[in-house]
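K.L.:
Take a look at the following structure, please.
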Amino acid sequence: MMITQEAHLSRILHLVSPLPVTEVPLSEALGQTLAANVTATVDLPPWDAAAMDGYAVSLKDFAPGTLPVTKTIAAGHKQPESIGPGEVAAIMTGAPVPQGADTVIPLEKFHSPTQDLPDEITFEDVPQAGLNIRRRAEDTRAGEIVAPAGTWLRPNHIGAIAAAGTDTVFIARQPKVAVISTGNELVAPGTPLEHGQIPDSNAPLVAATLRKRGAEPTHQVRVRDSAESLEHTIAQLEHTVDAIILTGGASVGAHDISNYVLSAWQHEDPDQAITFTNVNIRPGRPQGFGLSPAGTPVWSLPGNPVAVLVSLHLFVIPGLAKMQRQAPHPRKHTVVVNDDLHTPRELNYYVLASVDDDDRATPLPSNSHLAVKMAQATGLLHIPPTVDHIPAEHPVECLTL
Ligand SMILES: Nc1nc2c(c(=O)[nH]1)N[C@H]1C(S)=C(S)[C@@H](COP(=O)(O)OP(=O)(O)OC[C@H]3O[C@@H](n4cnc5c(N)ncnc54)[C@H](O)[C@@H]3O)O[C@H]1N2
Ligand code: MOO
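Numbered by the numbering used here, the letters in the sequence shown go through residues 607 to 1007 in order.
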């Protein structure tokens, strides 16, 4: 039986639950998801501030001529200052504009850069009002939402939240995930290979994806193709983690133990049991998903490395996002292909591609076993089941890796 990519994802999203909420220092929040709105605790800028190094002047009763520089105001100046008609204040970028000042003129208008500021300044004309003043609360006002609940925190959010005067945030607890690679052929990367062995590249790929998305790969285990070992490993882990991701053994071969072991497990609610199906995608066709007897979500992904990459993007990342209480955010964009693409109809094809700064994509060889080709890819092109040919220079949707 074959099911659609949408039906498989919808079952996953139905079965995973959001994790509890906790408060963490902002310094630990990168990659996590806000579980509550962050609001500004201060106006920013907190006061009218100079946007240039120069001279603040009052335009009240102003006439061109030479005026005295009566004070100097640098960034960090704590004393509130004011100037009256006929007075000029030397002012630095970021410093509070003195009360009474209407405009700030950059110093280059009067003299070359110097550390010895003049005692007086000569105006040849009437300056324009309101120049080079950053207005109080122009960025945010205290109480305004800086980042809403559901935001996946990237470095720009961390900077904005700090700017708004906050140093702790509420997040959905970081998902703890066990990563299990199955297969007698697998050895740790870097181990000299005996005949029949290959490096386990899926566990590092899955663990890196988890870290990037704010989850914690708490365990990385290699299990041989033995039902007892797999059962024992999962029984040990399912109570201590929020999710389990297996790779390999999802297909129908005599040694594909993930499928045989997990699909034999009973669940109180049969709708929640781990089931295996073919999904209308390639690579990544055989997929298992459901809840373990302890209620822990289990993704059982196919073993081929590119199939793992595709499965992570289509099925694991959205599931984690629900656990993390994440609001949907765009993950696809449109690119133009440099070469013709031919794929059979009926399946969604995902093709590795190298995408340049102008959003032009060069498709790469994308057979599901070509693990090292992943290094050249920055995107995954999606060719829907309704088409079998995308001509060069045509647009196609792309998931950013
Ligand atoms: N008779 C059929 N055979 C296969 C079918 C099918 O429908 N009928 N489907 C094929 C498709 S499509 C896929 S995808 C694979 C999925 O296979 P499994 O999930 O059972 O994965 P394995 O057989 O264990 O491994 C496949 C391949 O990937 C390599 N591998 C496995 N784990 C890792 C790892 N951790 N790191 C690196 N590489 C790994 C493994 O050595 C195999 O070469 O089944 C097809 N067969
Ligand atoms: O679906 Mo499999 O991942 O094509 O090789």
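Cβ coordinates follow ideal geometry from the N, Cα and C atoms, glycine included.
Cutting at 7 Å between CB atoms, please list the residues of its own chain near THR1023, excluding the five before and the five after it.
P.N.:
The structure shown does not extend to residue 1023, since the chain is modelled only from 607 to 1007, so the question has no answer here.
K.L.:
Label GLU687 either buried or exposed according to how many other C-beta atoms from any shown protein chain fall within 10 Å of its C-beta, with 16 as the threshold for buried.
P.N.:
buried
K.L.:
Taking 6 Å as the cut-off, does the CB of ALA856 come closer than this to any heavy atom belonging to ligand 2?
P.N.:
Relative to ligand 2, ALA856 has its C-beta separated by 6 Å or more from all heavy atoms.
K.L.:
At which residues does the alpha helix (DSSP H) containing ALA613 begin and terminate?
P.N.:
611 to 621
K.L.:
Measuring straight from C-alpha to C-alpha, what distance separates HIS948 and PRO969?
P.N.:
11 Å
K.L.:
Output needed for HIS683: all residues of its chain with C-beta closer than 7 Å, excluding positions within five of it in sequence on either side, in chain order.
P.N.:
ALA701 and PRO702
K.L.:
Whole angstroms are fine: how far does the CA of PRO712 sit from the CA of ALA778?
P.N.:
Cα to Cα, the separation comes out at about 47 Å.
K.L.:
When burial is assigned at 16 or more other CB atoms within 10 Å of the CB, is GLY909 buried or exposed?
P.N.:
buried
K.L.:
Tell me the DSSP bridge mates of ASN884?
P.N.:
MET608 and PRO892
K.L.:
How many whole angstroms separate the CB atoms of GLU693 and PRO674, which I take to be in contact at a CB cut-off of 8 Å?
P.N.:
7 Å
K.L.:
Under 6 Å: does the beta carbon of LEU852 sit that close to some heavy atom of ligand 1?
P.N.:
no
K.L.:
Verify the contact flag: ARG951, CB atom, against every heavy atom of ligand 2, threshold strictly below 6 Å.
P.N.:
No, Cβ of ARG951 sits at least 6 Å from all heavy atoms of ligand 2.
K.L.:
Return yes when at least one heavy atom of ligand 1 lies under 6 Å from the C-beta of ALA813, else no.
P.N.:
no
K.L.:
Who are the near neighbours of VAL785 in its chain, counting only those whose CB is closer than 6 Å to its CB and skipping five residues on each side?
P.N.:
ALA809, VAL812, ALA813, PRO823, GLN826 and ILE851
K.L.:
Rounded to whole angstroms, how far is the Cβ of LEU986 from the Cβ of VAL916, which I believe are closer than 8 Å?
P.N.:
At roughly 7 Å, the Cβ-Cβ gap stays under 8 Å, so LEU986 and VAL916 are in contact.
K.L.:
Report the residue from ASP964, THR839 and ASP963 whose alpha carbon sits nearest the alpha carbon of VAL904.
P.N.:
THR839
K.L.:
Who are the Cβ neighbours of SER972 in its own chain at under 6 Å, not counting the five residues just before and after it?
P.N.:
VAL957 and LEU958
K.L.:
Look at the alpha carbon of ASP708 and the alpha carbon of ARG742, and state the distance between them as a whole number of angstroms.
P.N.:
14 Å
K.L.:
Skipping 5 residues on each side, what residues in its chain have a beta carbon closer than 6 Å to that of PHE895?
P.N.:
Result list for PHE895: ILE618 and TRP905, in chain order.
K.L.:
Below 7 Å CB to CB, which residues in the same chain sit around GLU843 once its five sequence neighbours on both sides are set aside?
P.N.:
The displayed chain sequence assigns Leu, not Glu, to residue 843. Excluding residues within five positions, the ones whose Cβ falls inside 7 Å are ALA784, HIS825 and ILE850.
K.L.:
Over the uninterrupted alpha helix (DSSP H) stretch that includes ILE689, give me the two end residues.
P.N.:
Element bounds for ILE689: n/a, residue is neither H nor E.
K.L.:
What are the complete beta strand (DSSP E) segments, minimum 3 residues, inside the segment 789 to 838?
P.N.:
Segments of the beta strand (DSSP E) lying fully in the segment 789 to 838: 822 to 829.
K.L.:
Since ALA755 contacts ALA642 with CB under 8 Å, what's their CB separation in whole angstroms?
P.N.:
With a Cβ gap of about 5 Å, ALA755 and ALA642 count as contacting.
K.L.:
Taking 8 Å as the cut-off, does the segment 665 to 674 touch the segment 751 to 767 (at least 3 CB pairs, one atom from each stretch)?
P.N.:
no
K.L.:
Please list the terminal residues of the continuous beta strand (DSSP E) segment that includes PRO761.
P.N.:
PRO761 -> not in any beta strand (DSSP E); alpha helix (DSSP H) instead, spanning 761 to 769.
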